[in-house]
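Trainee: The numbering used here runs 40 ahead of the 1-based position in the sequence shown.
Glycine is no exception: its CB is placed at the ideal position from the N, C-alpha and C atoms.
Sharing a structure here in C-alpha cells format.
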Amino acid sequence: MIIRNYLLREIGKPLAAMLVVCMALFAGYSAADFLSDAVNGLLSTNTIVELIVLKLLISLEVLVPVALYLSIVLALGTLYGNSEITALHALRVTPTMLLRHVMVLAGCVAIGVGLLSLIVRPWAYERLHALSRSAELTLDVDAMQPGTFYVVQNGARVIFLTRRQGPNGPAQDIFVQLRRPTDIRIIHAELGYPVAEEGNGRTDLYVRLKNAHIYDIGTSPGAHDQVLTAREITQDPNRHVVEAPNDSSVTAGSLRIATSHKPADVAEFQWRLSTPLTTMLLAMLAVPLARGRPRQNRYGKLGTAILIFFVYYLLYTSARTWVQHGMVAPVPGIWWAPALLAALTGFMLRGQIAELLSRRDDAA
C-alpha cells in the first residue's frame, strides 16, 4: 500500500502540473482565435469565455491521456535515474507489480475520459455550435468602431461606419449592404445611433438612420433598380430569430449514433469508444519507455515518447477522417490505429507478459 501510494503520488504531481500547463496553452490558443472578433464587437466577453471553456472540455479527451502518458514517463524516469526502482526491486517489487499499479491509475483515468467522450463531448459540441450560430447572427452595436467592415450572417449584411464619437455615441456616414433573394439593397445615411426596444422579455438593439438614401439593385432577371429617400428608418443589425441547427454527428447523443450506419456517425461513435482504450494503452506503453539506467537523465526517453505519440495521433485522427468520408469501411474502421498501438505496447511489455504467463502456468 505504501509503495503504491508513493508511485501514484510521484505520477500525480507531474500529471497535475502538465495538465494545467496544457489546458492553459490550449485556452490561450483558443482565445487568440476570438480576440479580433471581440475587438470588432462581433463577440461579447461572456460569449468568448464560454466558447473557450467548451473547447477546453472537448479537448480534455486528448489532453488527459497525453498528460498521463508523459507524466508516467517522467515520473518513472526520475525513479530509474535516482536508483529508486533498483531499491524497489530489492523489496521484491517486480516490473509486473509496477505495471499493475500504473494500470490501476490508468483505469480510473480511462473511465473519466470515457465519460468525457460519451457524454460531455456531444453536449459541449451542441452548446458550442449553438453559441457559434448565435454569434453569427448577433452584432454588438455599442462596440462598433469606425473604419471597420462588419460582416454579419455570412455576408448577408455588411455595415460600415465612417466616423463615430465614442462607443455609445452616434455615427456619421453609415453604409449598409443587404443581400436579398431578388436584389441588393445599399443604404447610405448621414447619421445613425443605437435604439433599444424591449419585447418578449428581452432587449434588442436596433439602428436608427437619419436622412437615408436607399438603392435597390435588382439581381434577378427582369428586376428593376430603385432609388428611395427616407428621412428616418430603423434597421435590425441582427437576425433575432435563430435558425434551426443542422444535424451533426459530433452533437448527437452516443445512444443515437450507436445504431446509425452513416459513415460520419460510425466514425464519431468509434472515436468516443476508443478514447478510454487509447488512454490505457498509452499509460501501459509509458512504463517500458521510462526504463533507464541509474543516474541517467530523466528526460532521456521523453523525446521518444513524444515522437511515438505524435505518430500515433496522426494515424488515429487520419483513421477517423477516412471512416468519416467513407474511404474505410466500418470494419476495421478506426480500430486499426489502436490495434497498432496495442501491438507496440505488447512488444514493449513482452517481459511482463511472459512473467504473467509463467505464473499462470505455475498456478495451474
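Can you give me the Cβ contacts of Cys148 inside the same chain, cut-off strictly under 7 Å, excluding the 5 residues immediately before and after it?
Mentor: Reading the sequence shown from its first residue, position 108 is the one you call residue 148. Hits under 7 Å: none found.
Trainee: Once you ignore the five residues that flank Gly386 on each side, which residues in its own chain have a CB closer than 8 Å to its CB?
Mentor: Position 346 of the sequence shown, counted from the first residue, corresponds to residue 386. So the list reads Ile393, once near-sequence residues are dropped.
Trainee: Quick check: the stretch 259 to 274 against the stretch 288 to 299, are there 3 or more CB pairs under 8 Å?
Mentor: Touching, no, given that fewer than three Cβ pairs across the two stretches are closer than 8 Å.
Trainee: Here's the rule: buried if 16 or more other CB atoms are within 10 angstroms of the residue's CB, otherwise exposed. What is Leu329?
Mentor: The residue you call residue 329 lines up with position 289 of the sequence shown. Label assigned to Leu329: buried.
Trainee: Where DSSP assigns a beta bridge to Lys250, which residues make up the other side?
Mentor: Position 210 of the sequence shown, counted from the start, is the residue given in the question as residue 250. Bridge partners of Lys250: Leu231, Glu272.
Trainee: Can you tell which of Gly373, Ile227, Ala164, Thr85 has the C-alpha that lies nearest to the C-alpha of Pro303?
Mentor: Position 263 of the sequence shown holds residue 303. When only C-alpha atoms are compared, the closest one is Gly373.
Trainee: Only counting the same chain, and skipping five residues up and downstream in sequence, which positions put a Cβ closer than 8 Å to that of Thr274?
Mentor: In the sequence shown, counting from the first residue as 1, residue 274 sits at position 234. Counting only Cβ-Cβ distances below 8 Å, and skipping sequence neighbours, we find Val235, Tyr246, Val247, Arg248, Leu249.
Trainee: Tell me whether the stretch 185 to 201 and the stretch 217 to 229 touch, counting them as touching only if at least three CB pairs, one residue from each stretch, are closer than 8 Å.
Mentor: Counting Cβ pairs under 8 Å, three or more are found: they touch.
Trainee: Does the distance from the C-beta atom of Ser111 to that of Leu55 stay below 7 Å?
Mentor: Counting from one through the sequence shown, the residue named residue 111 turns up at place 71. Counting from one through the sequence shown, the residue named residue 55 turns up at place 15. Going by C-beta atoms, Ser111 is nearer than 7 Å to Leu55.
Trainee: For Asp265, which three-state DSSP category applies?
Mentor: Along the sequence shown, read from residue 1 onward, the residue named residue 265 stands at position 225. Three-state result, Asp265: coil.
Trainee: For Thr120, count the other beta carbons within 10 Å of its own beta carbon; 16 or more makes it buried, fewer makes it exposed. Which is it?
Mentor: Numbered from its first residue, the sequence shown carries residue 120 at position 80. The question names Thr, but residue 120 in the sequence shown is Tyr. Label assigned to Tyr120: buried.
Trainee: Rounded to the nearest angstrom, what separates Leu321 and Arg312 at their Cα positions?
Mentor: Working through the sequence shown from its first residue, we reach residue 321 at position 281. Working through the sequence shown from its first residue, we reach residue 312 at position 272. In a straight line, the C-alpha of Leu321 is about 15 Å away from that of Arg312.
Trainee: Would Ile226 and Tyr255 qualify as a contact pair, given that the criterion is a beta-carbon distance under 7 Å?
Mentor: Here residue 226 refers to the residue found at position 186 when the sequence shown is read from its first residue. Here residue 255 refers to the residue found at position 215 when the sequence shown is read from its first residue. Yes, the pair counts as a contact, with Cβ atoms nearer than the cut-off.
Trainee: Suppose contacts are defined by Cβ-Cβ distances below 7 Å. Is Thr357 in contact with Ala150 by that definition?
Mentor: On the sequence shown, position 317 is the one that residue 357 refers to. On the sequence shown, position 110 is the one that residue 150 refers to. Not in contact: Thr357 and Ala150 (Cβ atoms no closer than 7 Å).
Trainee: Going by C-alpha to C-alpha distance, which of Asn251, Met143, Asp223 sits closest to Gly232?
Mentor: As a first step, residue 232 must be located in the sequence shown, where it is residue number 192. Nearest of Asn251, Met143, Asp223 to Gly232, Cα basis: Asn251.
Trainee: Alpha carbon to alpha carbon, how far is Val351 from His228?
Mentor: Indexing the sequence shown from 1 puts residue 351 at position 311. Indexing the sequence shown from 1 puts residue 228 at position 188. Answer to the nearest angstrom: the Cα atoms are 56 Å apart.
Trainee: On the premise that Leu91 lies in contact with Phe74, defined as a C-beta separation below 8 Å, what is that separation, rounded to the nearest angstrom?
Mentor: Your numbering for residue 74 matches position 34 in the sequence shown. Your numbering for residue 91 matches position 51 in the sequence shown. That pair is a contact at about 6 Å.
Trainee: Under a Cβ-count criterion, where at least 16 other Cβ atoms within 10 Å of its own Cβ denotes burial, should Val142 be classed as buried or exposed?
Mentor: On the sequence shown, residue 142 is found 102 positions in, with the first residue counted as 1. Buried: at least 16 other Cβ atoms inside 10 Å.
Trainee: Using a 10 Å radius around the Cβ and a threshold of 16 neighbouring Cβ atoms, would you call Gln185 buried or exposed?
Mentor: Counting from 1 along the sequence shown, the entry for residue 185 is found at position 145. The residue is exposed, with fewer than 16 neighbouring Cβ atoms inside 10 Å.
Trainee: Identify, in the order they occur along the chain, each residue of the same chain with its Cβ nearer than 8 Å to the Cβ of Ile257, setting aside the five sequence neighbours on each side.
Mentor: For this step, residue 257 is matched to residue 217 along the sequence shown. Here the set comprises Asp223, Ile224, Arg225, Ile226, Asp265.
Trainee: Whole angstroms is fine: what's the gap from Arg390's alpha carbon to Leu380's?
Mentor: As a first step, residue 390 is located in the sequence shown; it is residue number 350 there, counting from the start. As a first step, residue 380 is located in the sequence shown; it is residue number 340 there, counting from the start. Straight-line Cα distance between these residues: approximately 15 Å.
Trainee: Who are the Cβ neighbours of Ser70 in its own chain at under 8 Å, not counting the five residues just before and after it?
Mentor: Reading the sequence shown from its first residue, position 30 is the one you call residue 70. Excluding sequence neighbours, Ser70 sits near Leu91, Ile92, Lys95, Leu96.
Trainee: Among residues of its own chain, excluding the 5 on either side of Glu166, which ones have a beta-carbon nearer than 6 Å to its beta-carbon?
Mentor: Position 126 of the sequence shown, counting from 1, holds the residue named residue 166. Excluding residues within five positions, the ones whose Cβ falls inside 6 Å are Thr291.
Trainee: What is the C-beta distance between Leu168 and Ile51, in whole angstroms, given that I count them as a contact (C-beta under 8 Å)?
Mentor: Here residue 168 refers to the residue found at position 128 of the sequence shown. Here residue 51 refers to the residue found at position 11 of the sequence shown. About 32 Å; that fails the 8 Å criterion.
Trainee: Determine the burial state of Leu201: buried for a count of at least 16 other Cβ atoms within 10 Å of its Cβ, exposed for fewer.
Mentor: Here the question's residue 201 lines up with position 161 in the sequence shown. With 16 or more other Cβ atoms within 10 Å, it is buried.
Trainee: Could you tell me if Ile42 is buried or exposed, where buried requires 16 or more neighbouring beta carbons within 10 angstroms of its beta carbon?
Mentor: Here residue 42 corresponds to residue number 2 of the sequence shown, with the count starting at 1. Label assigned to Ile42: exposed.
Trainee: Using three-state DSSP, classify Ile112 as helix, strand or coil.
Mentor: Residue numbering aside, residue 112 sits at position 72 when the sequence shown is read from its first letter. Helix.
Trainee: Which residue comes first and which comes last in the beta strand (DSSP E) that contains Thr202?
Mentor: Working through the sequence shown from its first residue, we reach residue 202 at position 162. Element bounds for Thr202: 197 to 204.
Trainee: Would you report the Cα separation of Gly262 and Val191, rounded to the nearest angstrom?
Mentor: Numbered from its first residue, the sequence shown carries residue 262 at position 222. Numbered from its first residue, the sequence shown carries residue 191 at position 151. If I take the Cα positions, the gap works out to 28 Å.
Trainee: Measure the C-alpha to C-alpha separation of Glu230 and Thr259 and round it to an integer number of angstroms.
Mentor: For the purposes of this step, residue 230 is taken as residue 190 along the sequence shown, with counting starting at 1. For the purposes of this step, residue 259 is taken as residue 219 along the sequence shown, with counting starting at 1. Looking at the two C-alpha atoms, the distance is approximately 26 Å.
Trainee: Which residues bound the alpha helix (DSSP H) around Gln364?
Mentor: The residue you call residue 364 lines up with position 324 of the sequence shown. Its alpha helix (DSSP H) spans residues 342 to 364.
Trainee: Distance, Cα to Cα, Asn86 vs Lys53?
Mentor: Here residue 86 refers to the residue found at position 46 of the sequence shown. Here residue 53 refers to the residue found at position 13 of the sequence shown. Answer to the nearest angstrom: the Cα atoms are 32 Å apart.
Trainee: Can the beta-carbon of Ala323 be found closer than 7 Å to that of Val113?
Mentor: For the purposes of this step, residue 323 is taken as the residue at position 283 of the sequence shown. For the purposes of this step, residue 113 is taken as the residue at position 73 of the sequence shown. Cβ atoms of Ala323 and Val113: not closer than 7 Å.
Trainee: Among all the DSSP beta bridges, which residues are the ones paired with Tyr190?
Mentor: Residue 190 sits at position 150 when you count from the first residue of the sequence shown. Its beta-bridge partners are Ile199.
Trainee: Under the assumption that Gly154 contacts Lys341 (Cβ atoms under 8 Å), give the Cβ distance between them as a whole number of angstroms.
Mentor: Indexing the sequence shown from 1 puts residue 154 at position 114. Indexing the sequence shown from 1 puts residue 341 at position 301. Gly154 to Lys341, Cβ: 28 Å. No contact.
Trainee: Looking only at DSSP bridge pairs, what is Phe215 linked to?
Mentor: In the sequence shown, residue 215 corresponds to position 175, counting from 1. In the DSSP output, where bridge partners are listed per residue, Phe215 has Phe200, His228.
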